[in-house]
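Visitor: With the UniProt record's numbering, letter number 73 in the sequence shown gets 73, and the count goes up by one each step, no holes. Quick one: the structure is below, and I'll ask about it shortly.
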Amino acid sequence: MVNYQSSLADRQKSKQQQKYTRKQLERLTTLQLRDICYREKLVKGIANSLDRLAFIETILKFRGANEDYLIKIYNAAGFERLAQLVQKNLGEPLFNKSPIHNPAKLTIYSGLAIEKRDEYKVITSDSLVLESNVLLVDENKKLCAIFYLLPTEVEDSFYLCMEKGMHHALSNQKNYKLLYFGQRESEYLFDVYMENEQDLQIPLDYYETEMPNVIVQSLVETKTTLAIDFGTSNTTVGAYLTDDYLPVVPEHDVLHNHIRLNDINLVTFLNTEGVRDVIVPTVIGIADCENPDELIYEYGYTALRDATYMSGSQINSVFYGLKRWIHSYDEQEEVIDYAGNLTMVQRGEIIRQYLLFLIRQAEQQLKCQIKKLHISSPVKLKQQHLMMFRELLPEYDLEMSDALDEGVAVLYNTIANQIEKNHFEEGIPYQALIIDCGGGTTDLSSCQFEIKDTQLTYQVTIQTTFENGDTNFGGNNLTYRIMQYLKILFVDYYKNGKRTNHLEDILQVMVNDVYRFVDKNGVEALYSSLQTKYEEAEIMLPTMYQQYRHQSYPDYQKIRGNYYTLWRIAEEIKQSFYHKTGVSRVGLNVESGPDLDHYILKNQSFRLALRKNEQLEFVYEIPGLVLNLEEINGVLKGDIYRIIKSFLEAFYIDNSLQAYSIIKMTGQSCRIELFRDAIKEFVAGRSIEFRQKDNDVKDLKLSCLFGAIRYLQDRKTGKIQAKIEHAVPMTPYRIYGLTHHQKEITLIAGNEKLTQTHGHISRHSQVEEMMFYLQSETGEVKSKYCYSNDRDSYEAITYEEINSAYTKHIPQEAVDIILDGEVKFFVYAEESQWGFYVLPISRELGQLYMCKPIFYPFENENWEMNFFDGTY
1 MVNYQSSLAD RQKSKQQQKY TRKQLERLTT LQLRDICYRE KLVKGIANSL DRLAFIETIL
61 KFRGANEDYL IKIYNAAGFE RLAQLVQKNL GEPLFNKSPI HNPAKLTIYS GLAIEKRDEY
121 KVITSDSLVL ESNVLLVDEN KKLCAIFYLL PTEVEDSFYL CMEKGMHHAL SNQKNYKLLY
181 FGQRESEYLF DVYMENEQDL QIPLDYYETE MPNVIVQSLV ETKTTLAIDF GTSNTTVGAY
241 LTDDYLPVVP EHDVLHNHIR LNDINLVTFL NTEGVRDVIV PTVIGIADCE NPDELIYEYG
301 YTALRDATYM SGSQINSVFY GLKRWIHSYD EQEEVIDYAG NLTMVQRGEI IRQYLLFLIR
361 QAEQQLKCQI KKLHISSPVK LKQQHLMMFR ELLPEYDLEM SDALDEGVAV LYNTIANQIE
421 KNHFEEGIPY QALIIDCGGG TTDLSSCQFE IKDTQLTYQV TIQTTFENGD TNFGGNNLTY
481 RIMQYLKILF VDYYKNGKRT NHLEDILQVM VNDVYRFVDK NGVEALYSSL QTKYEEAEIM
541 LPTMYQQYRH QSYPDYQKIR GNYYTLWRIA EEIKQSFYHK TGVSRVGLNV ESGPDLDHYI
601 LKNQSFRLAL RKNEQLEFVY EIPGLVLNLE EINGVLKGDI YRIIKSFLEA FYIDNSLQAY
661 SIIKMTGQSC RIELFRDAIK EFVAGRSIEF RQKDNDVKDL KLSCLFGAIR YLQDRKTGKI
721 QAKIEHAVPM TPYRIYGLTH HQKEITLIAG NEKLTQTHGH ISRHSQVEEM MFYLQSETGE
781 VKSKYCYSND RDSYEAITYE EINSAYTKHI PQEAVDIILD GEVKFFVYAE ESQWGFYVLP
841 ISRELGQLYM CKPIFYPFEN ENWEMNFFDG TY
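Below, the structure written as structure tokens:
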């Protein structure tokens, strides 16, 4: 024992420094962190910065605690080295009776990890056993698997965890044992595994416990369909699990309520606070692209955390709003990782990797192999999304013909609730308006539905129509508006040492007059003063980092950090006021007081780069501000009223709003009471069925997912027979072309049903390019489309062939009058595609020739405000 301790102590002589964990460091003040850096001689380069974040990252890098010594990455050679160590140089158990108690049964699923949420708990009375590596061996000391311990919330209690693939085939024996080690021994195991330690002659003492029942089980494919609500800002995932969704249900997970049979199971994701959440950000980042063929990604909360906290020092590519790529997912993106490596990757591959992450998380939680998927899509882009998903996930069985769009899924959830509670009148048609405010877009759909209770099933008939939409309004717009307000207040504070500006000073409009002001002058006029002050604040506190991309890289890093820091604070303010109950006053860097309901930036690292004497210098002082709900309402009131006005005013004018018995708001942003207040301007409160739970904002985000899951399950069991019809939407856009005299020719008329309007325009057959223009209802030309006329792509065709394929869109009389040397561009739309087609037909020497039609979307990502491209 003495020789053992001496050998291990000599080996670790250079490792005797104090070790720290992130949790320990985050509890310390900035000055305490600086003192650690001085004491450990880690202060070079950061001694005078008082950069809390830099202190923490530096200490963890050089003095990180033993959490860095847990074996989490499978390496065949490392596994074999540990196997040799266990066979030849394992010491003796420390006690005849181990002070450690672990589960009697353990199930390892091939291809899955064992995580904290699996709740395999280990209890110990020995303070030497901390977060450490654990080995599973058989009675012959053959190494079978490598585990590690993570602490629970209870002292002397740990979770037994294992990364995916960290086990070998087990023997037929049942006498398995778990070997537990102290901190030094665990670090030695790690070094041997990583080949940092060549000396395998040091015997290791250990604690030994019996593990009588270990099962390795292959993942079994389930027939259950996994539903995904793929959102612009956030995503949710879930499935309905019957008691026969697998031949053998996972007993351990059912016992611990991780799996609920005959119920909806929501997939959870680990958030930045270490708590599992049913909502995950639709964000993906590039962690490592050194090998272009094997990119390493980070997802959801991890990508969001690193984009926020590391943006001022280390830059990597982080992508938000993946749905914006629906029309350009075949394009390439240049990406960069933390080490500065650059490569190109297709946008579609980035979307695919995010979706695979969701599926892997579902398989991990539900302990099954998933092959069937249902992914909800926006109503007007349903077919485009389904085709993209099918192309990106060819190995999965994607619901296509019976897939629900987001609006119908939300409505179906409402209908299913009415049936479940018997709150409906049979045979009476209901009319509903659904306003879905997502992270980046807002859509309005109208629906009529009827419920009949027959002897066999509930028959539900749903007729739905897309009415209106705004590709540039969602929850991100509200966060950005708060961020603008914050930036102005911060600059005011840094200039004057205190807050001198208030909402009326910035808006220059009284809050009670916002609706009248917007009615008379428009929303841009309302925010013109705020926008001016925001641009003035850019001089001292810059956030528009895109313009620095090709200038000073250090400045680019600092300004990008400014933007994400302010965005994070603005998002937390929004969450505090509108996603919590009873919060009316929020404090930033202020002492606790009886009138404050929530605190932001408390015990958090903070820094901003301010421009001083033409140089960007970090400041670490958090402005001391108190914000109240009334002023944040005032900041957002005009934006929310504008979107509701644009949706409901036409219904109000023609007095058709009274016909709708339900106005349903969905999406997390609709938790904000201002939406309801704005609706009251157009509809009396008594005619609104405002279905929203005050105490559970997640229901607003989950209603789409619940609707899709319930639809799939009801269709399977026959409980409800749904007949869903989609009315042809009206197009709000006019498509036109110009003759050679520059005369406008309308090809698709605005405010007409999408499939009932088409047109054509002619040029000589040698034309190389033809321009088409999209005009909004206001008369603004929003997009220009350039059609490249490739003569080599034309093929000979007869009119009979044209007529059989394009009867609705190409009249015979229009083809008959095509002259030799003329090309006629036919423009038309299809019911299932939100856009238009251009199909050219020409005649040469009496023979007709045609080229394949090209599709152009009405809207594209260039229309949309991307709050994460550094231009705002």
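Cβ atoms here follow ideal geometry from the backbone N, Cα and C, with glycine treated the same way.
1. Spatial neighbours of Thr232 within its chain, please: CB distance less than 7 Å, with the 5 preceding and 5 following residues excluded, ordered by chain position.
2. To test your reading of the DSSP string, which unbroken beta strand (DSSP E) runs of 3 or more residues are found completely within the stretch 321-357?
3. Quick one: give me the first and last residue of the alpha helix (DSSP H) that residue 902 is part of.
4. With distances taken from CA atoms, which of Gly737, Tyr485 and Asn628 is nearest Thr746?
5. Let me check understanding here. Comparing Cα to Cα, which of Glu395, Ser186 and His327 lies closest to Pro857?
6. Return the CA-CA distance between Tyr338 and Ile350, expressed in angstroms with no decimal places.
7. Around the Cβ of Ile663, are there at least 16 other Cβ atoms within 10 angstroms (buried) or fewer (exposed)?
8. Among Asp156, Phe868, Leu70 and Val216, which residue has its Cα nearest to the Cα of Tyr545?
9. Taking a contact to mean a Cβ-Cβ separation below 7 Å, would you say Gly91 touches Pro203 in this structure?
10. What residue from Lys723, Met665 and Lys719 has the CA that sits closest to Lys701's CA?
11. When you compare each of Phe181, Leu150, Tyr733 and Ser832 to Leu136 by their alpha carbons, which one comes out closest?
12. Let's test the definition: count the other Cβ atoms within 10 Å of the Cβ of Glu290 and tell me whether it reaches 16, buried, or not, exposed.
13. Between the stretch 749-761 and the stretch 828-847, are three or more C-beta pairs nearer than 8 Å?
14. Within the same chain, show all residues whose beta-carbon is closer than 8 Å to that of Val410, passing over the 5 residues directly before and after it, in chain order.
15. When the distance is taken between beta carbons, is Arg710 closer than 7 Å to Ala416?
16. In the DSSP assignment, find the unbroken beta strand (DSSP E) run with Ala145 in it and report its ends.
17. Is it right to say Lys533 is buried, meaning 16 or more other beta carbons lie within 10 angstroms of its own, or is it exposed?
18. Please state whether the Cβ-Cβ distance between Phe269 and Gly238 is less than 7 Å.
19. Give the range of the alpha helix (DSSP H) segment to which Ala805 is assigned.
20. When burial is assigned at 16 or more other CB atoms within 10 Å of the CB, is Glu859 buried or exposed?
21. Could you tell me the boundaries of the alpha helix (DSSP H) in which Ile639 lies?
22. Roughly how many whole angstroms lie between the Cα atoms of Ile720 and Lys452?
23. Tell me where the alpha helix (DSSP H) around Val379 begins and ends.
24. Just to check my reading of the structure: Gly718 and Thr543 have Cβ atoms closer than 8 Å, yes? What is that Cβ distance to the nearest angstrom?
25. Determine the burial state of Ile462: buried for a count of at least 16 other Cβ atoms within 10 Å of its Cβ, exposed for fewer.
26. Grab the span of the beta strand (DSSP E) containing Gly475 for me, first residue to last.
27. Give the secondary structure of Leu60 by DSSP, where H, G and I count as helix, E and B as strand, and everything else as coil.
28. Considering Gln775, what are the terminal residues of the alpha helix (DSSP H) in which it resides?
29. Classify Ala227 as helix, strand or coil using the three-state DSSP reduction.
30. Give the secondary structure of His550 by DSSP, where H, G and I count as helix, E and B as strand, and everything else as coil.
31. Along the chain, which unbroken stretches of the beta strand (DSSP E) at least 3 residues long are found entirely within the stretch 79-133?
32. For a quick check, are the C-beta atoms of Ala570 and Thr479 less than 7 Å apart?
33. Let me know if Asp509 comes out buried or exposed under the rule of 16 or more other beta-carbons within 10 Å of its beta-carbon.
34. Is it buried or exposed for Val214, if we count other Cβ within 10 angstroms and need 16 for buried?
35. Give the single residue among Ala287, Asn512, Met540 and Glu363 whose Cα lies nearest to the Cα of Lys164.
36. With DSSP run on the structure shown, which of helix, strand or coil describes Gln463?
Guide: Answer, in terms of the structure:
1. Closer than 7 Å at the Cβ level, and outside the excluded window around Thr232, lie Thr282, Gly321, Lys323, Gly438, Gly439, Gly440, Thr441 and Gly474.
2. Here the runs fully enclosed are 332-336 and 342-346.
3. Since the first residue shown for the chain is 1 and the last is 872, residue 902 is missing from the structure and cannot be characterised.
4. Looking at Gly737, Tyr485 and Asn628, the one whose alpha-carbon comes closest to that of Thr746 is Gly737.
5. Residue His327 is the option with its Cα nearest to Pro857.
6. Rounded to the nearest whole angstrom, the C-alpha separation of Tyr338 and Ile350 is 17 Å.
7. Its Cβ being crowded by 16 or more others within 10 Å, Ile663 is buried.
8. Of Asp156, Phe868, Leu70 and Val216, the residue nearest in Cα terms is Phe868.
9. Gly91 places its beta carbon less than 7 Å from that of Pro203.
10. The shortest C-alpha separation from Lys701 is found at Met665.
11. When the alpha-carbon of Leu136 is set against those of Phe181, Leu150, Tyr733 and Ser832, the nearest one is in Phe181.
12. Burial call: exposed.
13. These segments touch.
14. Answer for Val410: Ile434, Asp436, Lys664, Thr666, Ser703, Cys704 and Gly707, listed in chain order.
15. In this structure, Ala416 lies near Arg710, with their beta-carbon atoms less than 7 Å apart.
16. Taken as a continuous stretch (DSSP letters only), the beta strand (DSSP E) holding Ala145 covers Leu143 to Pro151.
17. Only buried fits Lys533, as 16 or more other CB atoms lie within 10 angstroms of its CB.
18. Not closer than 7 Å, so no.
19. Here the alpha helix (DSSP H) through Ala805 covers Tyr799 to Tyr806.
20. Buried.
21. At residue 639 the sequence reads Asp, which differs from the Ile that was named. Leu629 to Ile653 is the extent of the alpha helix (DSSP H) around Asp639.
22. Spanning the alpha carbons of Ile720 and Lys452 requires a straight line of approximately 10 Å.
23. No alpha helix (DSSP H) holds Val379; DSSP gives it neither H nor E.
24. About 56 Å; that fails the 8 Å criterion.
25. Label assigned to Ile462: buried.
26. It is not in any beta strand (DSSP E) - Gly475 instead sits in the alpha helix (DSSP H) that spans Gly475 to Asn496.
27. Residue state for Leu60 is assigned as helix, using DSSP reduced to three classes.
28. Gln775: not part of any alpha helix (DSSP H); member of the beta strand (DSSP E) spanning Glu769 to Gln775, first to last residue.
29. Ala227: strand per DSSP, three-state reduction.
30. In the structure shown, His550 adopts coil according to DSSP, grouped into three states.
31. Listed in chain order, the complete beta strand (DSSP E) runs (minimum 3 residues) inside the stretch 79-133 are 90-93, 105-109 and 121-124.
32. Yes, the pair counts as a contact, with Cβ atoms nearer than the cut-off.
33. Looking at the sequence shown, residue 509 is not Asp but Val. By the neighbour-count rule (16 or more Cβ atoms within 10 Å), Val509 is buried.
34. Val214 is buried by the Cβ-count criterion.
35. Here the closest residue by C-alpha is Glu363.
36. In the three-state scheme derived from DSSP, where H, G and I count as helix and E and B as strand, Gln463 is classed as strand.
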